[in-house]
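K.L.:
This is the structure I have questions about; it appears just below.
Numbering (our numbering), first residue to last: 1 to 197.
Encoded structure:
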(Lines of atoms letter the chains of each structure in order from A; the text may use other names.)
(Lines give C-alpha, C1' and ligand atoms only; values in the text may rest on other atoms or scores of the structure.)
Protein backbone atom coordinates (compact mmCIF):
# COMPACT_ATOMS: atom_id res chain seq x y z
CA UNK A 1 0.00 0.00 0.00
CA UNK A 2 2.82 2.40 0.86
CA UNK A 3 4.53 1.68 -2.47
CA UNK A 4 1.37 2.59 -4.42
CA UNK A 5 0.97 5.85 -2.51
CA UNK A 6 4.62 6.76 -3.14
CA UNK A 7 4.19 5.94 -6.84
CA UNK A 8 1.17 8.26 -7.01
CA UNK A 9 3.15 11.13 -5.43
CA UNK A 10 6.00 10.56 -7.90
CA UNK A 11 3.54 10.60 -10.80
CA UNK A 12 2.01 13.85 -9.52
CA UNK A 13 5.46 15.41 -9.24
CA UNK A 14 6.39 14.35 -12.78
CA UNK A 15 3.16 15.80 -14.17
CA UNK A 16 3.77 19.01 -12.24
CA UNK A 17 7.39 19.22 -13.50
CA UNK A 18 6.14 18.69 -17.07
CA UNK A 19 3.61 21.53 -16.68
CA UNK A 20 6.31 23.84 -15.27
CA UNK A 21 8.59 22.95 -18.20
CA UNK A 22 5.79 23.70 -20.67
CA UNK A 23 5.16 27.07 -19.02
CA UNK A 24 8.88 27.91 -19.17
CA UNK A 25 8.99 27.03 -22.87
CA UNK A 26 5.89 29.13 -23.53
CA UNK A 27 7.57 32.12 -21.86
CA UNK A 28 10.79 31.43 -23.79
CA UNK A 29 8.88 31.31 -27.09
CA UNK A 30 7.08 34.56 -26.27
CA UNK A 31 10.30 36.39 -25.40
CA UNK A 32 11.94 34.83 -28.47
CA UNK A 33 9.21 36.33 -30.67
CA UNK A 34 9.74 39.71 -29.01
CA UNK A 35 13.49 39.51 -29.56
CA UNK A 36 12.90 38.59 -33.20
CA UNK A 37 10.74 41.71 -33.57
CA UNK A 38 13.70 43.75 -32.23
CA UNK A 39 15.90 42.29 -34.96
CA UNK A 40 17.60 39.49 -33.04
CA UNK A 41 17.29 35.77 -33.72
CA UNK A 42 14.32 34.15 -32.00
CA UNK A 43 16.59 31.40 -30.64
CA UNK A 44 18.64 34.00 -28.73
CA UNK A 45 15.52 35.18 -26.92
CA UNK A 46 14.50 31.63 -26.10
CA UNK A 47 17.97 30.76 -24.83
CA UNK A 48 18.30 33.90 -22.67
CA UNK A 49 14.81 33.39 -21.22
CA UNK A 50 15.52 29.80 -20.22
CA UNK A 51 18.61 30.98 -18.35
CA UNK A 52 16.76 33.95 -16.87
CA UNK A 53 14.06 31.67 -15.48
CA UNK A 54 16.57 29.20 -14.05
CA UNK A 55 17.54 29.66 -10.39
CA UNK A 56 20.86 27.92 -11.13
CA UNK A 57 23.37 28.24 -13.99
CA UNK A 58 22.84 25.68 -16.76
CA UNK A 59 25.26 23.76 -18.95
CA UNK A 60 25.03 23.87 -22.73
CA UNK A 61 23.82 20.25 -22.92
CA UNK A 62 20.98 20.97 -20.45
CA UNK A 63 19.95 24.03 -22.47
CA UNK A 64 20.03 22.07 -25.74
CA UNK A 65 17.88 19.31 -24.27
CA UNK A 66 15.29 21.65 -22.79
CA UNK A 67 15.00 23.85 -25.89
CA UNK A 68 15.32 20.91 -28.33
CA UNK A 69 18.12 22.68 -30.19
CA UNK A 70 21.39 21.35 -31.56
CA UNK A 71 24.62 21.69 -29.61
CA UNK A 72 26.01 23.88 -32.41
CA UNK A 73 23.03 26.24 -32.29
CA UNK A 74 23.35 26.51 -28.51
CA UNK A 75 27.08 27.19 -28.75
CA UNK A 76 26.62 29.93 -31.35
CA UNK A 77 23.70 31.43 -29.43
CA UNK A 78 25.63 31.50 -26.15
CA UNK A 79 28.61 33.16 -27.88
CA UNK A 80 26.38 35.87 -29.36
CA UNK A 81 24.55 36.45 -26.09
CA UNK A 82 27.90 36.73 -24.28
CA UNK A 83 29.00 39.33 -26.85
CA UNK A 84 25.91 41.42 -25.99
CA UNK A 85 26.48 40.92 -22.25
CA UNK A 86 23.15 39.08 -21.93
CA UNK A 87 24.74 35.83 -20.69
CA UNK A 88 27.77 35.18 -18.50
CA UNK A 89 29.79 32.08 -17.73
CA UNK A 90 29.30 30.78 -14.22
CA UNK A 91 31.58 28.57 -12.19
CA UNK A 92 30.45 25.53 -10.26
CA UNK A 93 32.84 23.95 -7.75
CA UNK A 94 34.10 20.58 -8.90
CA UNK A 95 32.75 20.97 -12.46
CA UNK A 96 34.98 21.14 -15.52
CA UNK A 97 32.34 22.08 -18.07
CA UNK A 98 31.02 25.60 -18.58
CA UNK A 99 27.79 26.79 -17.05
CA UNK A 100 25.87 29.89 -18.01
CA UNK A 101 23.55 32.35 -16.34
CA UNK A 102 21.52 35.24 -17.70
CA UNK A 103 22.18 38.91 -17.10
CA UNK A 104 19.26 39.79 -14.88
CA UNK A 105 19.32 43.57 -15.38
CA UNK A 106 16.98 43.94 -18.31
CA UNK A 107 17.51 47.72 -18.33
CA UNK A 108 21.29 47.21 -18.64
CA UNK A 109 20.77 44.98 -21.68
CA UNK A 110 18.31 47.35 -23.34
CA UNK A 111 20.56 50.37 -22.92
CA UNK A 112 23.51 48.43 -24.32
CA UNK A 113 21.54 47.54 -27.45
CA UNK A 114 20.32 51.12 -27.81
CA UNK A 115 23.85 52.48 -27.39
CA UNK A 116 25.64 49.99 -29.63
CA UNK A 117 23.07 49.35 -32.32
CA UNK A 118 20.33 51.94 -32.59
CA UNK A 119 22.45 54.98 -31.71
CA UNK A 120 25.11 53.91 -34.20
CA UNK A 121 22.48 53.49 -36.89
CA UNK A 122 21.02 56.95 -36.22
CA UNK A 123 24.50 58.52 -36.34
CA UNK A 124 25.35 56.70 -39.59
CA UNK A 125 22.08 57.96 -41.06
CA UNK A 126 22.88 61.55 -40.04
CA UNK A 127 26.34 61.29 -41.61
CA UNK A 128 24.94 59.86 -44.86
CA UNK A 129 22.34 62.62 -45.02
CA UNK A 130 25.01 65.29 -44.46
CA UNK A 131 27.19 63.80 -47.18
CA UNK A 132 24.27 63.70 -49.63
CA UNK A 133 23.40 67.31 -48.78
CA UNK A 134 26.98 68.41 -49.52
CA UNK A 135 26.86 66.73 -52.94
CA UNK A 136 23.53 68.37 -53.72
CA UNK A 137 24.77 71.78 -52.58
CA UNK A 138 27.75 71.51 -54.96
CA UNK A 139 25.47 70.38 -57.79
CA UNK A 140 23.11 73.30 -57.17
CA UNK A 141 25.97 75.82 -57.36
CA UNK A 142 27.13 74.39 -60.69
CA UNK A 143 23.70 73.95 -62.24
CA UNK A 144 21.17 76.13 -63.98
CA UNK A 145 18.05 77.63 -62.41
CA UNK A 146 15.88 74.50 -62.85
CA UNK A 147 18.55 72.28 -61.33
CA UNK A 148 19.02 74.70 -58.41
CA UNK A 149 15.26 74.66 -57.77
CA UNK A 150 15.18 70.85 -57.82
CA UNK A 151 18.26 70.64 -55.58
CA UNK A 152 16.67 73.14 -53.19
CA UNK A 153 13.57 70.96 -52.91
CA UNK A 154 15.60 67.79 -52.30
CA UNK A 155 17.89 69.52 -49.78
CA UNK A 156 14.84 70.77 -47.88
CA UNK A 157 13.51 67.21 -47.62
CA UNK A 158 16.94 65.98 -46.52
CA UNK A 159 17.01 68.72 -43.86
CA UNK A 160 13.77 67.30 -42.43
CA UNK A 161 15.25 63.83 -42.37
CA UNK A 162 18.32 65.23 -40.60
CA UNK A 163 16.05 66.81 -37.97
CA UNK A 164 14.40 63.43 -37.46
CA UNK A 165 17.83 61.79 -37.03
CA UNK A 166 18.80 64.54 -34.58
CA UNK A 167 15.62 63.94 -32.60
CA UNK A 168 16.33 60.19 -32.54
CA UNK A 169 19.89 60.74 -31.35
CA UNK A 170 18.74 63.14 -28.63
CA UNK A 171 16.15 60.66 -27.38
CA UNK A 172 18.50 57.68 -27.46
CA UNK A 173 21.29 59.57 -25.68
CA UNK A 174 18.89 60.59 -22.91
CA UNK A 175 17.53 57.06 -22.53
CA UNK A 176 20.99 55.46 -22.49
CA UNK A 177 22.23 58.02 -19.94
CA UNK A 178 19.18 57.37 -17.77
CA UNK A 179 18.30 61.06 -17.87
CA UNK A 180 14.93 62.67 -17.80
CA UNK A 181 13.84 63.48 -21.31
CA UNK A 182 13.40 67.18 -21.95
CA UNK A 183 10.61 67.28 -24.49
CA UNK A 184 11.16 70.99 -25.26
CA UNK A 185 13.87 70.47 -27.91
CA UNK A 186 11.98 67.48 -29.28
CA UNK A 187 8.80 69.53 -29.64
CA UNK A 188 10.79 72.31 -31.33
CA UNK A 189 12.18 69.82 -33.88
CA UNK A 190 8.71 68.35 -34.43
CA UNK A 191 7.24 71.83 -34.92
CA UNK A 192 10.00 72.74 -37.40
CA UNK A 193 9.29 69.55 -39.31
CA UNK A 194 5.58 70.39 -39.49
CA UNK A 195 6.26 73.95 -40.67
CA UNK A 196 8.59 72.90 -43.46
CA UNK A 197 6.06 70.80 -45.32
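Don't be surprised by glycine CBs; every beta carbon is placed ideally from N, CA and C.
With DSSP as the reference, please indicate the residues paired to residue 101 in a beta bridge.
P.N.:
On the chain shown, position 101 is the one that residue 101 refers to. Beta-bridge pairing links residue 101 to 88.
K.L.:
Decide if residue 37 is buried, meaning its Cβ has at least 16 other Cβ atoms within 10 Å, or exposed.
P.N.:
Mapped onto the chain shown, residue 37 falls at position 37. Label assigned to residue 37: exposed.
K.L.:
Just the C-alpha distance for residue 94 and residue 181, rounded to the nearest angstrom, thanks.
P.N.:
Numbered from 1 along the chain shown, position 94 holds the residue referred to as residue 94. Numbered from 1 along the chain shown, position 181 holds the residue referred to as residue 181. Cα-Cα distance, rounded: 49 Å.
K.L.:
Taking 8 Å as the threshold, find out whether the stretch 158-175 comes into contact with the stretch 112-132 through three or more Cβ pairs.
P.N.:
At 8 Å Cβ cutoff, the stretches touch.
K.L.:
What beta strand (DSSP E) runs, 3 residues minimum, are completely inside the stretch 97-163?
P.N.:
Annotation: the stretch 97-163 contains the following complete segments of the beta strand (DSSP E) (minimum length 3 residues), in chain order: 99-102.
K.L.:
Where does the unbroken alpha helix (DSSP H) through residue 48 begin, and where does it stop?
P.N.:
Mapped onto the chain shown, residue 48 falls at position 48. Residue 48: member of the alpha helix (DSSP H) spanning 42-53, first to last residue.
K.L.:
Using a Cβ-Cβ cut-off of 8 Å (strictly less than) and excluding sequence neighbours within five positions of residue 109, which residues of its own chain qualify?
P.N.:
As a working mapping, residue 109 is identified with position 109 in the chain shown. Excluding sequence neighbours, residue 109 sits near 84, 85, 86, 103.
K.L.:
Quick one, which of 34, 35, 68, 57 has its alpha-carbon nearest residue 22's?
P.N.:
Taking the chain shown and counting its residues from 1, the one referred to as residue 22 is at position 22. The shortest C-alpha separation from residue 22 is found at 68.
K.L.:
Which residues in the same chain as residue 3 place their Cβ atom closer than 7 Å to its Cβ, once the five residues preceding and following it in sequence are excluded?
P.N.:
Residue mapping note: residue 3 aligns to position 3 of the chain shown, counting from 1. Note that residue 3 has pLDDT 49, beneath the 50 cutoff, so the model's placement of it is unreliable and the number below is only indicative. Nothing meets the Cβ criterion.
K.L.:
In the structure shown, what three-state DSSP assignment does residue 59 receive?
P.N.:
Here residue 59 corresponds to residue number 59 of the chain shown, with the count starting at 1. Residue 59 falls in the strand class under three-state DSSP.
K.L.:
Can you tell me which of 72, 33, 185 puts its alpha carbon nearest to the alpha carbon of residue 42?
P.N.:
Counting from 1 along the chain shown, the entry for residue 42 is found at position 42. Of the candidates 72, 33, 185, the one whose C-alpha sits nearest the C-alpha of residue 42 is 33.
K.L.:
Taking DSSP as the reference, what is the three-state secondary structure of residue 180?
P.N.:
One-based indexing of the chain shown puts residue 180 at position 180. If DSSP states are grouped into helix, strand and coil, residue 180 belongs with coil.
K.L.:
Taking 8 Å as the threshold (C-beta atoms), are residue 24 and residue 47 in contact?
P.N.:
The count along the chain shown starts at 1 and reaches residue 47 at position 47. The count along the chain shown starts at 1 and reaches residue 24 at position 24. No, the pair does not count as a contact, with Cβ atoms beyond the cut-off.
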